[in-house]
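Residue numbers (the numbering used here): 171 to 274.
Take a look at the structure below.
As C-alpha cells, then:
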C-alpha cells in the first residue's frame, strides 16, 4: 500500500527537474495570440494599448479579418480541419482495434 501512495504522490507533485522551465518547449504547444501578434505587428505599434483603449473597434477589426479570411481561404481551412479530424479519428480507431477489446 505504501508503494501505491508513493506513486500517487509522485504523480501529484512533480520533481524539481520535471517542472516547466521558462522557455522550455512543450510537446503540446498552445496557441499564444500575444506571440503571434508580436511577430505580425511592427514593434513601433503598441497594439496592446490600442486594444485596451478601443476594445469594440478591436473586436470589429478581428471579426472583419476573420470574415475576409473565411471568404477567401475558407475551403482550404475546412479541408485542413477535416483532414486533421479524420487523422485523429483514424488514430483513435486504430488504438481501439489494436486493443484487447476486439481480440477473439
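All C-beta atoms, glycine included, are put in the ideal place defined by N, C-alpha and C.
Under DSSP, the alpha helix (DSSP H) around residue i begins and ends at which residues?
i           : result
residue 225 : 225-268
residue 204 : 203-210
To which residues of the same chain is residue i closer than 6 Å at the C-beta, ignoring the five residues directly before and after it?
i           : result
residue 240 : none
For residue i, count neighbouring C-beta atoms within 10 Å of its own C-beta (all shown protein chains included) and say buried if the count is 16 or more, exposed if not.
i           : result
residue 174 : Confidence at residue 174 is low in this model, with a pLDDT of 45, below 50, so its placement is unreliable and the value that follows should be read with caution. It is exposed - the Cβ of residue 174 has fewer than 16 other Cβ atoms within 10 Å.
residue 195 : In this prediction, residue 195 scores a pLDDT of 49, lower than 50, which makes its location untrustworthy; the coordinate-derived value is nonetheless stated afterwards. Result: exposed.
Since residue i and residue j are thought to touch, with beta carbons under 8 Å apart, how far apart are those beta carbons, to the nearest angstrom?
i           : j           : result
residue 217 : residue 226 : With 8 Å as the limit, residue 217 and residue 226 do not qualify as a contact, their Cβ atoms being about 15 Å apart.
residue 228 : residue 221 : 4 Å
Excluding the five sequence neighbours on either side, which residues of its own chain have a C-beta within less than 7 Å of the C-beta of residue i, listed in chain order?
i           : result
residue 236 : none
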